[in-house]
Every structure is written in C-alpha cells, then in structure tokens.
Amino acid sequence: MSIKHFLNTQDWSRTELDALLADAARFKREKLGDALKGRSIALVFFNPSMRTRTSFELGAFQLGGHAIVLQPGKDAWPIEFDLGTVMDGDTEEHIAEVARVLGRYVDMIGVRAFPKFVDWTYDRQDIVLKSFAKYSPVPVINMETITHPCQELAHALALQEHFGTSDLRGKKYVLTWTYHPKPLNTAVANSALTIATRLGMDVTLLCPTPEYILDERYMDWAEANVAESGGSLAVSHDIDAAYAGADVVYAKSWGALPYFGNWGPEQPIRERFKHFMVDERKMALANNGVFSHCLPLRRNVKATDAVMDSPNCIAIDEAENRLHVQKAVMAALVRQ
C-alpha cells in the first residue's frame, strides 16, 4: 500500500487542499481534540526553527499526540544520504536505516532541511526530504526544504479569513522580492507562487531583474495551475505597475539562482535594489491591499514599521495559522 506524504501542495488535489483548509479552520475554533491520541511524530531539524518547531510540538500535544525533536549532528547522529559512500567521515549512519527505524517508533516524520547553497542543480533535487520519503514506512511532512507547503496553507487560510471567502479568484496578488543583506532560500517564494496560482488569483512575480525569476520547475507549476484553476501569471520588474490595484502583497527575499553558491557577484546587484522594501507609498498604490510575510522579517529592511503595524498586515495571523494547518495535515495523514 502506497504511503501519502506531504512534501508539496502540488502533489495534493485541490479538493484535498480545500479539505485541509476546512479542517484547519475547525481546529482553530476547537483548540483541543483527540485526532492524534496515541500517535507520535518525529520532528527532524537539520536547521533552526522557532515557529515551525513550536507549532508542530503544540499541534501534536493539543490533539493528544506526542512530538519528539531530533537535531542530527547535535542531539542525534549525523546522517549520510548518498548511496555508495564509504562512510569513513563525519556521518555515523545512513538515511536507509534512520528513516526505517524512526518509522518503527513513530507514526509520522517531519523534516526541515535547507539547501547547502553550493550547487543549485544538486539542491533542487531535495535529496534529504526525498530520501526520508523513499525509506520511511510512515508519512513524511515537509517542514521546509526548497519549498514550504505548511507556510502555503497558513498563508491561504489567512487570506480566506481576511477576505471572508474561500474563493480568491479575481484577486490581484503580488509576490515581491525584497532586499536582505544575505541571499536567502527560495522556498517560501516557490511556495507562495504555487499556492497563489493554485487558488486562481491573478499573480504578479515582482523582482528586480530576470536573474531573480524563480526556478523553472515552480514557474512551470504556476503555469499549469493557471491553466487548471484560472487566474493569470505575469513577471514584472516595474514596482509601481505591479502594486497598482493589488489586493494582496506578499514579500520575501531570495537569492538569484545564477549566483547560487557564488554570492559575491550578486551582492552589488542586490545593493542597488534596497528600494524594493515594502513601504507606505507602495501600499497606497494597492487596492486597500493586505500585506503578509512568512516571518522572521527584518523591519525597515524588508518592510517598514508602518506597514508591519498596519491593520492590513496579516503576518501574525498567518504565523498563528501554522499551528492549525499543521494539525490538519497531521490528522489527515494518520487517517489514511
């Protein structure tokens, strides 16, 4: 019997996603339950976390389950992922054993593993996440690798709550790049593009230059979603034109893929585009637009204090919704 994982929302049907969002809304109304009574999840963190760890641990607890946190290389053995490797270095055990043993103990496994930022052709394979899914006898949940599907659902739920409807078709959605002193993972941007087009919105990807367009896999997903769900997809480098009439502005910084693993040459490029920060002037061009971000956010670098403290900012609502959507995901996976 095949196991259903939660690796990307693109792997789930629109009907299944709608059911997850409906369950998440219910869990938000009814904090405690027993959907995970007697169940457990191993949360494997290769990278640090605040919201993800807190929301998963609490979510399991509030539904009667138990979460175990593991940090390979810190409180657990370093793990090898390549087959055929002579393991005479720092890694102590292979994923083939790790995933199968954990699967004998727990009912689900969550994995958080960022790119190594050396070679995008390697990192885009998502080897850590896919290796867990390959060997695990229980469902695997993506807690952020090169996509962030839990953030997608939290974002979608926050938008549905703000607009008072599950039908977001016709809304103008701007996914804007913002400056950051460090080049960051493209995961949230990949996921925002995916879910916004999946929900049938009119999506504009706003970025400084063509070098900041996202990986073709996610651009292709977005095009396929538009064909299936309606809406539209455009790429813009014109700030004012992109913001004009926007119903939603979602901000994220990410590194330009042509410079992946070689950030030095990108630095002077991104320094020229600090003005992409979300501020009051830009938001005034929108259609009383709502603003959000996945957090953490550097104030007055990515967005101004005024934007973050505006009643139109739903970043805190989105962050809270991580708890509720992850409950829905865990509950759905143990029911299969």
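Heads up, my numbering is the position in the sequence shown plus 16, with the first residue counted as 1.
Positions of the beta carbon are idealized from the N, C-alpha and C atoms, including for glycine.
None of the values given here were measured: they were computed from a predicted structure.
- Annotated three-state conformation of R314 is coil, per DSSP.
- Each of K47, Y259, R67, Y189 was checked against the Cα of A335, and the nearest Cα belongs to R67.
- Cα atoms of G49 and R69: separation of roughly 20 angstroms, rounded to the nearest angstrom.
- Check the Cα spacing between K44 and each of A344, L349, L222: the tightest is with A344.
- Per the C-alpha coordinates, the member of S182, W237, Y138, K268 positioned closest to V190 is K268.
- One Cα belongs to N158, the other to G126, and the distance between them is close to 6 angstroms.
- Contiguous alpha helix (DSSP H) elements confined to the region 197–234 occur at 203–214, taking only those with 4 or more residues.
- Residue pairing by DSSP places N158 opposite V127 in a beta bridge.
- Under DSSP, V144 takes part in no beta bridge, so it has no partner.
- In this structure, A129 sits away from F72, with a CB-CB distance that is not shorter than 8 angstroms.
- Minimum Cα-Cα distance from Y138 among the listed residues A347, W28, F276, S182 corresponds to F276.
- A322: member of the alpha helix (DSSP H) spanning 321–324, first to last residue.
- Secondary structure at W136: helix, using DSSP grouped into helix, strand and coil.
- Where S71 is concerned, there is no enclosing beta strand (DSSP E), although the alpha helix (DSSP H) around it starts and stops at 67–78.
- In the DSSP assignment, F179 falls within the unbroken alpha helix (DSSP H) covering 165–179.
- If you draw a straight line from the Cα of F289 to the Cα of H309, it is about 19 angstroms long.
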